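Engineer:
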Amino acid sequence: MTAGHNPGRGGTPSRRMRRLLLSVLAVTGVWTTCLVGPVPTAHAEDIRPRQWYLDAMRAEEMWKVSTGEGIKVAVIDSGVNASTDALRGQVLPGEDMTDAPGEATDDYSGHGTDMAEIIAGTGRNGSIRGLAPGAKIIPYRIPLEGLGHEIKADGYVKAIRAAADSDAKIINMSFSGPYYDAAGAEAVEYAIGKGKLLFAGVGNDAEKGNKQQYPASYVGVVGVGATDRQGEVTEFSQHGLNVDLSAPGVDVPGWCDERFEEYCPDGAGTSVATAIASASAALIWAEHPDWTANQVLRVLVDTAGRKDGKKGVSSVYIGYGAVRPRIHLLEGKGDPGDPNENPIEATEPTPSASASPPQGERDGKNDRSDAGGKSEGQKGQADDDAGSADNADTRATESKDDGDLWILLGAGAAVAIVVAGAFVLVRRAIRRT
Numbered sequence: 001m002t003a004g005h006n007p008g009r010g011g012t013p014s015r016r017m018r019r020l021l022l023s024v025l026a027v028t029g030v031w032t033t034c035l036v037g038p039v040p041t042a043h044a045e046d047i048r049p050r051q052w053y054l055d056a057m058r059a060e061e062m063w064k065v066s067t068g069e070g071i072k073v074a075v076i077d078s079g080v081n082a083s084t085d086a087l088r089g090q091v092l093p094g095e096d097m098t099d100a101p102g103e104a105t106d107d108y109s110g111h112g113t114d115m116a117e118i119i120a121g122t123g124r125n126g127s128i129r130g131l132a133p134g135a136k137i138i139p140y141r142i143p144l145e146g147l148g149h150e151i152k153a154d155g156y157v158k159a160i161r162a163a164a165d166s167d168a169k170i171i172n173m174s175f176s177g178p179y180y181d182a183a184g185a186e187a188v189e190y191a192i193g194k195g196k197l198l199f200a201g202v203g204n205d206a207e208k209g210n211k212q213q214y215p216a217s218y219v220g221v222v223g224v225g226a227t228d229r230q231g232e233v234t235e236f237s238q239h240g241l242n243v244d245l246s247a248p249g250v251d252v253p254g255w256c257d258e259r260f261e262e263y264c265p266d267g268a269g270t271s272v273a274t275a276i277a278s279a280s281a282a283l284i285w286a287e288h289p290d291w292t293a294n295q296v297l298r299v300l301v302d303t304a305g306r307k308d309g310k311k312g313v314s315s316v317y318i319g320y321g322a323v324r325p326r327i328h329l330l331e332g333k334g335d336p337g338d339p340n341e342n343p344i345e346a347t348e349p350t351p352s353a354s355a356s357p358p359q360g361e362r363d364g365k366n367d368r369s370d371a372g373g374k375s376e377g378q379k380g381q382a383d384d385d386a387g388s389a390d391n392a393d394t395r396a397t398e399s400k401d402d403g404d405l406w407i408l409l410g411a412g413a414a415v416a417i418v419v420a421g422a423f424v425l426v427r428r429a430i431r432r433t
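Count the sequence shown with full-length UniProt numbering and you get residues 1 to 433, in order.
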């Protein structure tokens with residue numbers, strides 16, 4: 001069902017609708033979100049000062065060059081509330097893949113709205129300011145765990161294909177699950193063939209088995225990891241050959257719940273890291289609308305920051321490093337390269353000395369195997385040009401959300417934020433009738 005913003009509904013599900021969602025939907029598989037103990041702050045308060053990562057990335061300076069205008073980002077998530085102050089006028093018609101009451105603009109958990117605001121929020125009336133405030137959002141609603149929502153085996157696959165057929169250039173997937181799906185791999189391949197750039201969180205279970213996650217492990221998807229304020233990968237951010245880039249993920253403000261009444265300032269997870277990476281791509285693509293997805297990605301890779309200074313070499317913890325769009329937009333660095341060559345698939349990441357050999361079998365050409373666990377106290381680190389980030393062995397805080405995010409902080413400071421917000425998709429067989 002095609003869905004757009006319905007001004008009469010205000011974007012917030014009523015209690016009756018939520019009961020319908022709970023009663024109509026059977027639990028045949030789930031996306032998992034992990035929001036832990038958010039601390040609310042009044043919405044009347046300007047939340048912008050809490051968005052430290054914007055200052056670290058020198059967003060205000062980048063916006064003089066690019067705001068992401070002209071770029072559309074598909075957000076595959078719990079729906080996107082188009083009526084929040086941050087998103088009024090920012091959300092285009094999307095699609096609902098849940099077979100539940102409501103539309104793509106009825107966000108029953110608040111998570112999809114958070115991702116959309118992190119990407120393209122306007123900051124109106126003290127609300128969230130997105131890293132790419134000139135971009136537009138196309139929402140694709142899928143079910144998330146914890147609300148009793150039904151998941152069809154082909155739900156997220158349909159969302160990827162629908163996004164591939166849309167005007168969106170970037171597809172944001174702030175969720176993850178431990179099972180390979182041939183249909184999912186084919187949907188990703190289809191989207192890449194349509195010229196899309198796909199980002200997904202690598203997961204938050206590094207200390208709980210570190211089982212490789214999808215869709216981040218599908219070939220062609222950019223897997224995003226999470227770091228903390230000291231520029232170190234968080235202990236919950238998963239590691240392996242599917243980690244391509246990193247971005248900030250801790251202390252990222254977002255809605256406390258689906259009522260959209262208050263912001264909580266301490267969101268964390270690979271979900272938000274993924275959203276920041278998607279927004280970074282939007283900034284660069286808007287400046288170079290004729291570039292291909294491969295060229296935008298190559299510049300992100302080429303300008304990513306690592307403390308060890310190993311440019312062009314991928315770590316199983318932080319990938320090629322923390323996203324730093326400012327290095328291209330403000331300094332003109334970054335080679336777009338061959339428009340037809342995917343930079344993250346041209347070379348295979350090499351596990352660092354602290355990682356054990358890759359574990360598990362490959363599921364074929366549409367899968368990337370996982371690298372094993374790391375030793376206690378050994379962490380990947382991002383860095384900026386100055387290489388002045390702290391080397392402190394900062395312990396990861398408990399994740400509140402499942403999306404992996406890593407970012408180097410601004411001029412002369414390499415700061416990475418860990419976002420443990422990649423949602424776990426537990427897929428089960430569904431009988432077709």
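Virtual Cβ for every residue (Gly too), placed ideally from N, Cα, C.
As the structure is a computational prediction, the values presented were derived from the model and not from experiment.
1) Could you say which of P133, K311, I344 lies nearest to K333 if we only look at CA atoms?
2) Kindly indicate the opening and closing residues of the alpha helix (DSSP H) around K307.
3) According to DSSP, is H173 helix, strand or coil?
4) Looking at I327: is its Cβ nearer than 8 Å to the Cβ of T303?
5) Kindly indicate the opening and closing residues of the beta strand (DSSP E) around V73.
6) Helix, strand or coil: which one does DSSP assign to K333?
7) Does the distance from the C-beta atom of A191 to that of F236 stay below 8 Å?
8) In the DSSP assignment, the alpha helix (DSSP H) including W285 goes from what residue to what residue?
9) Are the segment 240-253 and the segment 267-276 touching by the rule of at least three beta carbon pairs closer than 8 Å?
10) My output table needs one value for D55: the three-state DSSP class, helix, strand or coil.
11) Do you know offhand how far R9's Cα is from D257's?
12) From S176 to N125, what distance separates their C-alpha atoms?
13) Hey, which unbroken runs of the beta strand (DSSP E) at 3 residues or more fall wholly within the segment 84-127?
14) What number of angstroms, rounded off, separates the C-alpha of K72 from the C-alpha of G79?
15) If distances are taken between C-alpha atoms only, which option among D338, H111, I171 comes closest to A200?
16) Near D46, which residues of its chain fall below 7 Å by C-beta distance, leaving aside the five closest residues on each side in sequence?
17) Which two residues bound the contiguous beta strand (DSSP E) that contains I137?
18) Assign A200 to one of three DSSP states: helix, strand, or coil.
19) Is V250 helix, strand or coil by DSSP?
20) Please state the DSSP three-state secondary structure of G321.
21) When you compare only the Cα positions, how much space is there between G360 and L241?
22) Need the endpoints of the beta strand (DSSP E) that E262 sits in, please.
23) Output the distance between the C-alpha atoms of D370 and P49, rounded to the nearest integer angstrom.
24) Give the range of the beta strand (DSSP E) segment to which G193 is assigned.
25) Output the distance between the C-alpha atoms of D99 and Q213, rounded to the nearest integer angstrom.
26) Do you know how far the Cα of A275 is from the Cα of G249?
27) Decide if N340 is buried, meaning its Cβ has at least 16 other Cβ atoms within 10 Å, or exposed.
28) Is the distance from the Cβ of P215 to the Cβ of G193 below 8 Å?
29) Just checking my contact of L330 with M62 at CB under 8 Å: how many whole Å lie between their CB atoms?
30) For N204, tell me which candidate among P325, S174, T105 has the shortest Cα-Cα distance.
31) Extract the residue ranges of the beta strand (DSSP E) inside the segment 217-250, only unbroken runs of 3 or more that lie entirely within it.
32) Thinking just about the alpha-carbon of each residue, which of S83, A120, G70, V91 is nearest to the one in S278?
33) Go through its chain and collect everything with a Cβ distance to N115's Cβ below 7 Å, but skip five positions before and after it.
34) Need the endpoints of the alpha helix (DSSP H) that I160 sits in, please.
35) Can you have a look at S23 and say buried or exposed, based on whether 16 or more other CB atoms are within 10 angstroms of its CB?
36) Comparing C-alpha positions only, which one of M97, P143, G123, S217 sits nearest to R161?
Structural biologist: To lay it out plainly:
1) As a first step, residue 333 is located in the sequence shown; it is residue number 333 there, counting from the start. Closest in C-alpha terms to K333, from the list P133, K311, I344, comes K311.
2) What you label residue 307 is simply residue 307 of the sequence shown in a count that begins at 1. Neither: K307 is in no alpha helix (DSSP H) and is coded neither H nor E.
3) As a position in the sequence shown, residue 173 is number 173, starting the count at 1. Note that residue 173 corresponds to Met in the displayed sequence, not to His. In this structure, M173 counts as strand in the three-state DSSP scheme.
4) By one-based count along the sequence shown, residue 327 stands at place 327. By one-based count along the sequence shown, residue 303 stands at place 303. Yes.
5) By 1-based counting over the sequence shown, the position of residue 73 is 73. Taken as a continuous stretch (DSSP letters only), the beta strand (DSSP E) holding V73 covers 72-77.
6) Looking up residue 333 in the sequence shown gives position 333. Correct three-state label for K333: coil.
7) Locating residue 191 in the sequence shown gives position 191, where the first residue counts as 1. Locating residue 236 in the sequence shown gives position 236, where the first residue counts as 1. Going by C-beta atoms, A191 is not nearer than 8 Å to F236.
8) Within the sequence shown, residue 285 is the residue found at index 285, counting from 1. Counting along the chain, the alpha helix (DSSP H) containing W285 begins and ends at 270-287.
9) Yes: at least three Cβ pairs fall under 8 Å.
10) Here residue 55 refers to the residue found at position 55 when the sequence shown is read from its first residue. The answer is helix: DSSP assigns D55 an H, G or I state.
11) As a working note, residue 9 is residue 9 in the sequence shown. As a working note, residue 257 is residue 257 in the sequence shown. The pLDDT assigned to R9 is 28, lower than 50, so where the model puts this residue is not dependable; a value taken from the coordinates is nonetheless given after this. Going from the Cα of R9 to the Cα of D257 covers about 18 Å.
12) Position 176 of the sequence shown, counting from 1, holds the residue named residue 176. Position 125 of the sequence shown, counting from 1, holds the residue named residue 125. Computed Cα separation, rounded: 33 Å.
13) 94-96
14) Position 72 of the sequence shown, counted from the start, is the residue given in the question as residue 72. Position 79 of the sequence shown, counted from the start, is the residue given in the question as residue 79. Distance between the alpha carbons of K72 and G79: 16 Å.
15) Residue numbering aside, residue 200 sits at position 200 when the sequence shown is read from its first letter. Measuring from the Cα of A200, the nearest candidate turns out to be I171.
16) Taking the first residue of the sequence shown as position 1, residue 46 is located at position 46. If we look at D46 and ignore the five residues flanking it on each side, its Cβ neighbours are G126.
17) Counting from 1 along the sequence shown, the entry for residue 137 is found at position 137. Looking at the DSSP string, the run of the beta strand (DSSP E) that includes I137 is 136-141.
18) The count along the sequence shown starts at 1 and reaches residue 200 at position 200. In this structure, A200 counts as strand in the three-state DSSP scheme.
19) Counting from one through the sequence shown, the residue named residue 250 turns up at place 250. In the three-state DSSP reduction, V250 falls in the coil class, being neither helix nor strand.
20) Within the sequence shown, numbered from 1, the residue matching residue 321 stands at position 321. Coil at G321, not helix or strand.
21) To locate residue 360, count along the sequence shown from 1; it is residue 360. To locate residue 241, count along the sequence shown from 1; it is residue 241. For G360, the pLDDT reaches just 29, beneath the cut-off of 50, and the residue's location in the model is therefore unreliable, although a value from the coordinates is still provided. Looking at the two C-alpha atoms, the distance is approximately 12 Å.
22) For the purposes of this step, residue 262 is taken as the residue at position 262 of the sequence shown. Counting along the chain, the beta strand (DSSP E) containing E262 begins and ends at 262-267.
23) Here residue 370 is taken as the residue at index 370 of the sequence shown, counted from 1. Here residue 49 is taken as the residue at index 49 of the sequence shown, counted from 1. Low local confidence applies: a pLDDT of 36 at D370 is under 50, so the model's placement there is unreliable, with the coordinate-based value given in what follows. Their Cα atoms are separated by approximately 38 Å.
24) On the sequence shown, residue 193 is found 193 positions in, with the first residue counted as 1. G193 -> not in any beta strand (DSSP E); alpha helix (DSSP H) instead, spanning 182-193.
25) The residue you call residue 99 lines up with position 99 of the sequence shown. The residue you call residue 213 lines up with position 213 of the sequence shown. Cα to Cα, the separation comes out at about 25 Å.
26) Position 249 of the sequence shown, counted from the start, is the residue given in the question as residue 249. Position 275 of the sequence shown, counted from the start, is the residue given in the question as residue 275. Taking the straight line from one Cα to the other gives about 10 Å.
27) Working through the sequence shown from its first residue, we reach residue 340 at position 340. Exposed.
28) Residue mapping note: residue 215 aligns to position 215 of the sequence shown, counting from 1. Residue mapping note: residue 193 aligns to position 193 of the sequence shown, counting from 1. Taking 8 Å as the Cβ cut-off, P215 and G193 do not qualify as a contacting pair.
29) Position 330 of the sequence shown, counting from 1, holds the residue named residue 330. Position 62 of the sequence shown, counting from 1, holds the residue named residue 62. Confirmed, about 7 Å.
30) To locate residue 204, count along the sequence shown from 1; it is residue 204. With respect to the C-alpha of N204, the residue from P325, S174, T105 having the closest C-alpha is S174.
31) Runs found: 222-225.
32) The residue given as residue 278 occupies position 278 in the sequence shown. The shortest CA-to-CA distance from S278 to any of S83, A120, G70, V91 is the one to A120.
33) Along the sequence shown, read from residue 1 onward, the residue named residue 115 stands at position 115. Per the sequence shown, the amino acid found at residue 115 is Met instead of Asn. Excluding sequence positions up to five before and after M115, its CB lies within less than 7 Å of the CB of V75, D77, N172, S174, S271, A275, all in the same chain and listed in chain order.
34) Walking along the sequence shown from the start, residue 160 turns up at place 160. It spans 155-164 - the alpha helix (DSSP H) in which I160 sits, taken as one unbroken run.
35) For the purposes of this step, residue 23 is taken as residue 23 along the sequence shown, with counting starting at 1. In this prediction, S23 has a pLDDT of 32, which is less than 50 and means its spatial position is unreliable; what the coordinates show is noted afterwards. By the neighbour-count rule (16 or more Cβ atoms within 10 Å), S23 is not buried but exposed.
36) On the sequence shown, residue 161 is found 161 positions in, with the first residue counted as 1. It is M97 whose Cα lies nearest to the Cα of R161.
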